[in-house]
Amino acid sequence: MLIAKHGARGFTLIELVVGLTILAFLIAVAAPSFTVWIQNTQLRTAAESISGGLQLARSEAVRRNTTIQFALPAADSSWTLGCVVPVADLNGDGVEDCPAVIQSRLGTEGTKNAVVAADNPTVIFNGLGRANNAMTITVTDPIGGTCAAAGGPMRCLNVIVATGGQIRMCNPALPNTNPQGC
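With the working numbering as the guide, the letters of the sequence shown map in order to residues 6 to 187.
Right, here's the structure in full:
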(Lines of atoms letter the chains of each structure in order from A and count residues from 1; the text may use other names and numbers.)
(Lines give C-alpha, C1' and ligand atoms only; values in the text may rest on other atoms or scores of the structure.)
Protein backbone atom coordinates (compact mmCIF):
# COMPACT_ATOMS: atom_id res chain seq x y z
CA MET A 1 0.00 0.00 0.00
CA LEU A 2 1.06 3.52 -0.76
CA ILE A 3 0.89 6.04 1.99
CA ALA A 4 0.54 9.68 0.93
CA LYS A 5 2.77 12.22 2.65
CA HIS A 6 1.20 15.42 3.79
CA GLY A 7 4.02 17.81 2.82
CA ALA A 8 3.80 21.14 1.15
CA ARG A 9 4.75 21.22 -2.50
CA GLY A 10 5.34 24.15 -4.86
CA PHE A 11 6.23 27.78 -4.19
CA THR A 12 4.91 30.16 -1.66
CA LEU A 13 3.73 33.57 -2.79
CA ILE A 14 6.73 35.24 -1.15
CA GLU A 15 9.19 32.99 -2.99
CA LEU A 16 7.45 33.72 -6.29
CA VAL A 17 7.53 37.50 -5.74
CA VAL A 18 11.23 37.42 -4.78
CA GLY A 19 12.05 35.34 -7.87
CA LEU A 20 10.15 37.68 -10.18
CA THR A 21 11.83 40.71 -8.61
CA ILE A 22 15.27 39.25 -9.24
CA LEU A 23 14.30 38.39 -12.84
CA ALA A 24 12.98 41.92 -13.46
CA PHE A 25 16.21 43.41 -12.07
CA LEU A 26 18.36 41.22 -14.35
CA ILE A 27 16.28 42.17 -17.41
CA ALA A 28 16.52 45.87 -16.54
CA VAL A 29 20.31 45.61 -16.24
CA ALA A 30 20.74 43.63 -19.49
CA ALA A 31 18.30 45.59 -21.72
CA PRO A 32 20.60 48.51 -22.66
CA SER A 33 23.48 46.28 -23.72
CA PHE A 34 21.06 44.04 -25.61
CA THR A 35 19.76 47.08 -27.54
CA VAL A 36 23.30 48.12 -28.50
CA TRP A 37 24.03 44.53 -29.57
CA ILE A 38 20.96 44.50 -31.85
CA GLN A 39 21.96 47.83 -33.41
CA ASN A 40 25.55 46.64 -33.98
CA THR A 41 24.20 43.47 -35.59
CA GLN A 42 21.99 45.49 -37.94
CA LEU A 43 24.94 47.69 -38.94
CA ARG A 44 27.13 44.65 -39.59
CA THR A 45 24.36 43.03 -41.65
CA ALA A 46 24.02 46.16 -43.81
CA ALA A 47 27.81 46.48 -44.27
CA GLU A 48 28.17 42.78 -45.12
CA SER A 49 25.33 43.03 -47.62
CA ILE A 50 26.99 45.96 -49.39
CA SER A 51 30.37 44.24 -49.28
CA GLY A 52 28.83 41.05 -50.70
CA GLY A 53 27.13 43.03 -53.47
CA LEU A 54 30.41 44.69 -54.38
CA GLN A 55 32.19 41.31 -54.44
CA LEU A 56 29.42 39.94 -56.67
CA ALA A 57 29.71 42.93 -59.03
CA ARG A 58 33.44 42.42 -59.30
CA SER A 59 33.18 38.68 -59.91
CA GLU A 60 30.39 39.16 -62.49
CA ALA A 61 32.57 41.70 -64.34
CA VAL A 62 35.40 39.18 -64.51
CA ARG A 63 33.10 36.25 -65.37
CA ARG A 64 31.29 38.12 -68.15
CA ASN A 65 34.41 40.07 -69.21
CA THR A 66 32.42 43.30 -69.35
CA THR A 67 31.76 46.38 -67.22
CA ILE A 68 29.39 45.92 -64.27
CA GLN A 69 28.03 48.83 -62.25
CA PHE A 70 27.27 48.74 -58.53
CA ALA A 71 24.92 51.54 -57.43
CA LEU A 72 23.69 52.79 -54.07
CA PRO A 73 20.54 54.66 -55.10
CA ALA A 74 19.35 55.73 -51.63
CA ALA A 75 20.58 56.57 -48.12
CA ASP A 76 19.44 53.18 -46.84
CA SER A 77 21.38 49.98 -47.53
CA SER A 78 19.65 49.31 -50.88
CA TRP A 79 21.89 48.48 -53.82
CA THR A 80 21.67 47.33 -57.43
CA LEU A 81 24.22 45.82 -59.77
CA GLY A 82 23.97 45.27 -63.49
CA CYS A 83 25.66 45.61 -66.83
CA VAL A 84 26.61 49.10 -67.94
CA VAL A 85 25.69 48.12 -71.50
CA PRO A 86 22.89 45.52 -71.38
CA VAL A 87 23.17 42.70 -73.92
CA ALA A 88 20.11 40.79 -75.08
CA ASP A 89 19.92 37.03 -75.59
CA LEU A 90 22.51 36.46 -78.32
CA ASN A 91 22.89 32.70 -77.96
CA GLY A 92 19.15 31.93 -77.99
CA ASP A 93 18.91 30.22 -74.59
CA GLY A 94 16.11 32.51 -73.37
CA VAL A 95 18.30 34.37 -70.85
CA GLU A 96 19.74 37.84 -71.36
CA ASP A 97 23.51 37.59 -71.72
CA CYS A 98 24.11 40.74 -69.66
CA PRO A 99 20.98 42.24 -68.09
CA ALA A 100 20.66 45.80 -66.82
CA VAL A 101 19.88 44.43 -63.33
CA ILE A 102 21.69 41.28 -62.29
CA GLN A 103 20.83 41.52 -58.62
CA SER A 104 19.42 44.07 -56.20
CA ARG A 105 18.68 44.33 -52.50
CA LEU A 106 16.22 46.52 -50.66
CA GLY A 107 17.48 48.30 -47.56
CA THR A 108 14.41 47.25 -45.59
CA GLU A 109 15.42 43.58 -45.66
CA GLY A 110 16.47 43.31 -42.02
CA THR A 111 18.48 46.51 -41.68
CA LYS A 112 15.85 49.23 -41.52
CA ASN A 113 17.81 51.52 -39.17
CA ALA A 114 21.08 51.52 -41.12
CA VAL A 115 21.94 54.72 -42.95
CA VAL A 116 24.47 54.54 -45.77
CA ALA A 117 26.56 57.42 -47.05
CA ALA A 118 28.98 57.02 -49.96
CA ASP A 119 31.44 59.49 -51.42
CA ASN A 120 30.51 58.11 -54.89
CA PRO A 121 27.04 56.68 -55.55
CA THR A 122 28.32 54.19 -58.15
CA VAL A 123 31.40 52.18 -58.94
CA ILE A 124 32.08 50.33 -62.19
CA PHE A 125 34.21 47.19 -62.36
CA ASN A 126 35.88 46.26 -65.67
CA GLY A 127 36.55 42.78 -67.05
CA LEU A 128 39.79 42.57 -65.04
CA GLY A 129 37.99 43.31 -61.75
CA ARG A 130 39.39 46.81 -61.39
CA ALA A 131 37.22 49.70 -60.21
CA ASN A 132 36.93 52.92 -62.18
CA ASN A 133 37.11 54.99 -58.97
CA ALA A 134 37.74 54.53 -55.27
CA MET A 135 34.67 54.45 -53.05
CA THR A 136 34.14 54.73 -49.30
CA ILE A 137 30.77 53.73 -47.88
CA THR A 138 29.92 54.61 -44.28
CA VAL A 139 27.23 52.58 -42.49
CA THR A 140 25.75 54.25 -39.38
CA ASP A 141 22.57 54.32 -37.30
CA PRO A 142 21.75 57.88 -36.16
CA ILE A 143 18.66 56.66 -34.30
CA GLY A 144 20.78 54.38 -32.10
CA GLY A 145 23.30 57.00 -31.02
CA THR A 146 26.86 57.93 -31.85
CA CYS A 147 29.56 55.69 -33.25
CA ALA A 148 32.41 54.29 -31.19
CA ALA A 149 34.87 56.45 -33.16
CA ALA A 150 33.11 59.51 -31.69
CA GLY A 151 32.90 58.05 -28.18
CA GLY A 152 29.51 56.35 -28.51
CA PRO A 153 28.48 52.75 -27.96
CA MET A 154 27.73 51.75 -31.58
CA ARG A 155 30.23 50.05 -33.84
CA CYS A 156 29.73 51.81 -37.17
CA LEU A 157 31.51 50.30 -40.17
CA ASN A 158 33.02 51.43 -43.47
CA VAL A 159 33.23 49.51 -46.74
CA ILE A 160 36.14 50.63 -48.89
CA VAL A 161 36.68 49.92 -52.59
CA ALA A 162 40.17 50.57 -53.95
CA THR A 163 40.80 51.33 -57.63
CA GLY A 164 42.57 47.99 -57.94
CA GLY A 165 39.26 46.28 -57.09
CA GLN A 166 40.04 45.35 -53.48
CA ILE A 167 36.94 45.47 -51.26
CA ARG A 168 37.24 45.51 -47.49
CA MET A 169 35.07 46.24 -44.49
CA CYS A 170 36.71 48.10 -41.62
CA ASN A 171 35.98 49.70 -38.26
CA PRO A 172 36.81 53.44 -38.14
CA ALA A 173 37.10 53.30 -34.33
CA LEU A 174 40.23 51.16 -34.61
CA PRO A 175 43.62 52.57 -35.66
CA ASN A 176 44.76 51.93 -39.23
CA THR A 177 47.63 49.79 -37.87
CA ASN A 178 45.01 47.24 -36.81
CA PRO A 179 43.96 44.86 -39.66
CA GLN A 180 40.28 45.57 -38.84
CA GLY A 181 40.82 49.34 -38.66
CA CYS A 182 40.40 51.87 -41.46
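Backbone N, C-alpha and C fix where the C-beta goes; we use that ideal spot for every residue, glycine too.
Query, Result
"Quick one: which unbroken beta strand (DSSP E) runs of 3-plus residues sit fully inside the segment 32 to 112? Chain order, please.", "73 to 76, 84 to 88 and 108 to 110"
"To which residues does DSSP link residue 152 through a beta bridge?", "159"
"In three-state DSSP terms, what is residue 29?", "helix"
"As a quick exercise: from 57, 34 and 93, pick the residue whose alpha carbon is nearest that of residue 82.", "57"
"Return yes when the C-beta of residue 109 is under 6 angstroms from any heavy atom of the ligand NAP, and no when it is not.", "This structure lacks the ligand NAP, and indeed carries no ligand of any kind."
"Determine the burial state of residue 43: buried for a count of at least 16 other Cβ atoms within 10 Å of its Cβ, exposed for fewer.", "exposed"
"Look at residue 124 and residue 48 and say whether their C-beta atoms are less than 7 angstroms apart.", "no"
"Please list, in chain order, all residues of the same chain as residue 52 whose beta carbon is under 6 angstroms from its beta carbon, the five residues on each side excluded.", "144, 162, 164 and 174"
"In whole angstroms, give me the CA-to-CA distance for residue 54 and residue 15.", "51 angstroms"
"Return the Cβ separation of residue 121 and residue 142 in integer angstroms, given the expectation that the two are a contact with Cβ distance under 8 angstroms.", "6 angstroms"
"Have a look at the DSSP bridge pairing and note the partners of residue 130.", "73 and 136"
"From the DSSP output, in three-state form, read off residue 15 for me.", "coil"
"Taking Cβ to Cβ, would you say residue 73 is nearer than 7 angstroms to residue 118?", "no"
"Give the range of the beta strand (DSSP E) segment to which residue 187 is assigned.", "Element bounds for residue 187: n/a, residue is neither H nor E."
"Is it right to say residue 27 is buried, meaning 16 or more other beta carbons lie within 10 angstroms of its own, or is it exposed?", "exposed"
"If you drop the 5 nearest sequence neighbours on each side, which residues of the same chain put their C-beta closer than 7 angstroms to that of residue 185?", "175, 176 and 179"
"Nearest to residue 69 by alpha carbon, out of 76, 31, 77 and 87?", "87"
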